[in-house]
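Single-structure report; data block below.
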Amino acid sequence: MKSGLARKISLAVIPFCVAWLMRMWFFTCRVKVYNPEHFKEVGEGKKIIIASFWHYTIIYVFYFLRKYRATVMVSASDDGDYIAALARNFGFSTARGSSNRKGVAALKKLLGIIRSGENCAMVADGSQGPPRIAQAGAILLASRTGVPLVPMTWAASSYFTIHSWDKTAIPRPFSRIDYYFGELLYVPAGIRGDEIERYRRLLEERLNTLYEKAWTGFGRVEH
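Residue 1193, in this note's numbering, is where the sequence shown stops; the numbers in between run on with no holes.
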């Protein structure tokens, strides 16, 4: 009973405090956006998209996209509870799921959300990795809806990393951040088998190309 109450309190308090701290923290950073034309119509409310990014970027992505109405797919795991709460503190709605039945239910929810005219966001390498290896979920969603994927990533001049499978990165205060948008990726309707794999690889290649450009700009091969 006590542990259940403690968890409820931590889920209410920790993500709220982290979101508040990150707002103050990231406000001090200098941000340069590359290829903004790929996001221009989204920013103007003229186009619906599926934002696609690597898991390591998730905390700053929540901050960067906080002004855009969107639903984020988040793992149904216990750790995912905190990520979902953090996303909500930045103004996002959430759909909970992973690579199981809950994942299928979450994709169906996102399908309905997109058809209602709202943006969605999905971590391309999933909630458990492997890191920077794209999974097929976003490809299937883009194929079913006709809505384009927008690959995006960022790199920073100075940052912390969390000791996790993806080395989640958090920019340090007063750092410089380069935020990259990639070319919109449209996925044909009704694709199966090898075609799904082809577009999965294409998304992975585009995200990793952006990743390399972003970190090379700070003299690094990777984060």
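Glycine included, each C-beta is placed from N, C-alpha and C at the ideal position. These numbers come from a predicted model, not from an experiment.
_Let me make sure I understand the geometry here. Which of SER1047, PHE1062, PRO1141 and THR1041 has the alpha-carbon closest to that of CYS1090?_
Ranked by Cα distance from CYS1090, the first of SER1047, PHE1062, PRO1141 and THR1041 is THR1041.
*Starting from ASN1113 and walking both ways along the alpha helix (DSSP H), at which residues does that stretch end?*
A small correction: the amino acid at residue 1113 is Ser; Asn does not occupy that position in the sequence shown. Under the DSSP assignment, SER1113 falls in the alpha helix (DSSP H) whose first and last residues are 1107-1115.
_At least 3 beta-carbon pairs within less than 8 angstroms: the segment 994-1006 vs the segment 1132-1151_ = Look at the beta carbons and you see the segment 994-1006 touching the segment 1132-1151: at least three pairs across the two are nearer than 8 angstroms.
*Compute the distance between the beta-carbons of PRO1121 and LEU1177, then report whether it is under 8 angstroms.*
Taking 8 angstroms as the Cβ cut-off, PRO1121 and LEU1177 qualify as a contacting pair.
*asked:* According to DSSP, ASN1089 sits in a beta bridge with which residue or residues?
replied: ASN1089 is bridged by DSSP to ALA1040.
*Going by beta carbon distance, what residues of the same chain come within less than 7 angstroms of ILE984, once the five residues before and after it are set aside?*
Non-local C-beta neighbours of ILE984 in its own chain, meaning closer than 7 angstroms and more than five positions away in sequence, comprise TYR1052, ordered along the chain.
_Which residues DSSP lists as bridging MET1122, in chain order_ = Beta-bridge pairing links MET1122 to PHE1151.
*asked:* Between which residues of its own chain and MET971 is the CB-CB distance below 7 angstroms, once the five residues before and five after are set aside?
replied: Low local confidence applies: a pLDDT of 45 at MET971 is under 50, so the model's placement there is unreliable, with the coordinate-based value given in what follows. Once the five neighbours on either side are set aside, MET971 has no close Cβ partner at all.
*PRO1158, DSSP secondary structure in three states*: Note: PRO1158 maps to coil in three-state DSSP.
*Hey, could you find the ends of the beta strand (DSSP E) VAL1003 is sitting in?*
Element bounds for VAL1003: 1000-1004.
*How big is the Cα-Cα spacing for ALA1094 and GLY974?*
The alpha-carbon of ALA1094 is positioned some 32 angstroms away from that of GLY974.
*Can you check whether the CB of VAL1012 is closer than 8 angstroms to the CB of TYR1038?*
Contact flag set, yes.
_Mapping the DSSP letters down to three states, classify THR1064 as helix, strand or coil._
Of the three classes helix, strand and coil, the one that applies to THR1064 here is strand, per DSSP.
*Report the rounded CA-to-CA distance for ILE1103 versus MET1092, giving the unit in angstroms.*
The C-alpha of MET1092 is placed about 13 angstroms away from the C-alpha of ILE1103.
*Compare the C-alpha of GLU1007 against each of TYR1169, THR1179 and PHE1151 and name the closest.*
Comparing Cα positions, the closest option is PHE1151.
*Would DSSP call PHE1009 helix, strand or coil?*
Taken through DSSP and simplified to helix, strand or coil, PHE1009 comes out as coil.
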